[in-house]
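Please read the structure below before turning to the comments.
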Amino acid sequence: MAELVIDPVTRISGIAAIRVVTDEEGNVEARFQAYGYRGFEQIAVGCHLDNLLPLVSRICGRDSVFHQVAVASAVEVATGTRPPQEAMNVRLLALWAQLFERHAVCLTVHSLPDLLFPSSGQ
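Quick note: the sequence shown uses our numbering, first residue 47, plus one each step.
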């Protein structure tokens, strides 16, 4: 059995660790563990629906659109409503824009320094 532990994981917001274990048969198990408690679940309990979108957008400033769409979808399922197709298209466009922006930031700000100056991270 082989084990690889990366703790702390860098280039992310927050504190986390990754543990990868392989057994004799070649099976691989990978675990990601984020540390820290922020209490958003307890704050959201009993929160009026109008206040949920601003609240969840503060969970992670970088991925606010992802969190807002997730909460909007959860509210729609809970209330049994379905938004119009135009709203779904705008939501999908916002998700793709957020994904494109996150990849651009990750490639330029997070990865590019390591690629241009590989010895600076040691």
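Virtual Cβ for every residue (Gly too), placed ideally from N, Cα, C. Nothing here was measured: the structure is a model prediction, and the numbers come from that model.
For leucine 162, there are no CB contacts under 6 Å within the same chain when 5 residues up- and downstream are skipped.
Below 8 Å, too few C-beta pairs join the stretch 149-159 and the stretch 112-132 to call them touching: fewer than three.
Residue pairing by DSSP puts valine 74 in a beta bridge opposite Thr68.
A residue is called buried once 16 or more other Cβ atoms fall within 10 Å of its Cβ, and histidine 113 is buried on that count. Excluding the 5 residues flanking it on each side, glycine 60 has same chain C-beta neighbours closer than 8 Å at Ala80, Tyr81 and Gly82, in chain order. Straight-line spacing of the CA atoms in arginine 77 and valine 66 works out to 6 Å.
In the DSSP assignment, glutamate 49 forms a beta bridge with Val67. Nearest to glycine 85 by alpha-carbon distance, out of Cys106, Val55 and Met134, is Cys106. Assignment of isoleucine 61 by DSSP, reduced to helix, strand and coil, places it in the strand class. For serine 110, the enclosing alpha helix (DSSP H) covers residues 110-125. Per DSSP, the continuous alpha helix (DSSP H) segment holding arginine 148 begins and ends at 131-151. Residue environment: valine 121 is assigned as exposed (fewer than 16 neighbouring CB atoms within 10 Å of its CB, all protein chains considered). Our two residues, glutamate 147 and valine 117, have alpha carbons roughly 21 Å apart in a direct line.
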